[in-house]
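Working notes, beginning with the structure itself.
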Amino acid sequence: MRLDDAQLRAFDEEGYVFLPSVFSEAEVALLRAESEKIYRLDRPEVWRETSGVARTAFAAQTYNEAFRRLGAHPRLVEPVMQLLDGPVYMHQFKINAKTAFDGEVWQWHQDYGTWAADDDMPAPRAMNIALFLDEVTAVNGALMFIPRSHKSGKLEAGHDLETTSYPLWTLDRATVTRLAEEGGIVAPTGPAGSILLFHCNLVHASPANISPWDRRIVYLSLCHVDNHIRRFQRADWIAHRDFTPIQALADDCLAELAGQRAAE
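The opening position of the sequence shown corresponds to residue 504 in this note's numbering, with each subsequent residue numbered one higher.
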């Protein structure tokens, strides 16, 4: 799957591209079911909110077959290779839960800010591609972006260790206000199976989910192989240390597994 010229321009200018309904309902249903199994696991990769519900599950591609296939799916890997102009490795893989009623906030931040500060990633030659496992609406904690904020480069951030259970390098209110006054704020919404590609310097956040509907999103953080991290202070299931280029699987790899599970 390749982005067209208009989508490439949008990514360069706005910092993100939204593509609705890229994955089928059968493919997404498989991933939803597998995510529920993962959230119930007692293992360090499953990070929890202070309430005890799952916040995010890291590195699921290393211990779950459905997510292993998703981590090498051409509909996700190939557009990122196109944007980063070369082979990529998996820097981080997570399934963010944003559970109904109890999903907590993700503060305003840039992903590259954390990758640079914690992992010594040399340059912002990395990005996220996200897959909606549930319909994302205006009321269930949609991801919010400040368009064109990636043009500001890496911004000064503080290490927030208190707001939530997960430490994050976050931006202060004055910076967010200034950027939002310049670029506004958008919250792409759409059906399960949709994907979002966004620049690693794009400022983003998500509010708490106090609705009765879950909002699960899978994030692949892919990095050009020449730009791999140099510091290994975080657990390898948070910041991966295997810099082998991802070899994309066949386009039907996930649909095939969904068919097998349905036949069991």
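Note that beta-carbon positions come from the ideal geometry of N, C-alpha and C, so glycine has one too.
- Distance between Val580 and Leu506, taken at the CA atoms: about 12 angstroms.
- Of the other Cβ atoms in all chains shown, 16 or more fall within 10 Å of the Cβ of Arg628; this residue is therefore buried.
- Ala560 and Ala600 have their alpha carbons spaced roughly 8 angstroms apart.
- Looking at the DSSP output, His707 bridges to His612 and Phe648.
- Minimum Cα-Cα distance from Val721 among the listed residues Gln610, Arg676, Glu528 and Ile698 corresponds to Ile698.
- With respect to the C-alpha of Ala761, the residue from Val556, Arg572, Arg546 and Asp545 having the closest C-alpha is Arg572.
- Its chain contains Val639, Ala690 and Thr692 as the residues whose beta carbon lies nearer than 6 angstroms to that of Ala645, once the 5 sequence neighbours on both sides are disregarded; these appear in chain order.
- CA-CA distance, Glu767 to Arg744, rounds to 36 angstroms.
- In the three-state scheme derived from DSSP, where H, G and I count as helix and E and B as strand, Asp729 is classed as helix.
- The Cβ-Cβ distance between Cys726 and Leu587 falls below 9 angstroms.
- Taken through DSSP and simplified to helix, strand or coil, Gly693 comes out as strand.
- Cβ atoms of Cys703 and Trp609 stay farther apart than 8 angstroms, at about 15 angstroms.
- Under the three-pair Cβ rule at 8 angstroms, the region 655–662 counts as touching the region 611–626.
- Following the DSSP letters along the chain, one finds Lys540 inside the alpha helix (DSSP H) bounded by residues Glu528 to Tyr542.
- Judged by beta-carbon spacing, Ala708 lies within the 9 angstroms limit of Trp611, meaning their Cβ atoms are closer than that value.
- Judged by DSSP in its simplified three-state form, Gly606 adopts strand.
- When DSSP states are grouped into helix, strand and coil, Phe596 belongs to the strand group.
- Judged by DSSP secondary structure, Arg551 falls within the beta strand (DSSP E) whose first and last residues are Val549 to Arg551.
- The three-state reading of DSSP puts His653 in helix, counting H, G and I together.
- Looking at the DSSP output, His702 sits in a beta bridge with Met630.
- A residue is called buried when at least 16 other Cβ atoms come within 10 angstroms of its Cβ; Gln750 does not meet this threshold and is exposed.
- Annotated three-state conformation of Thr747 is coil, per DSSP.
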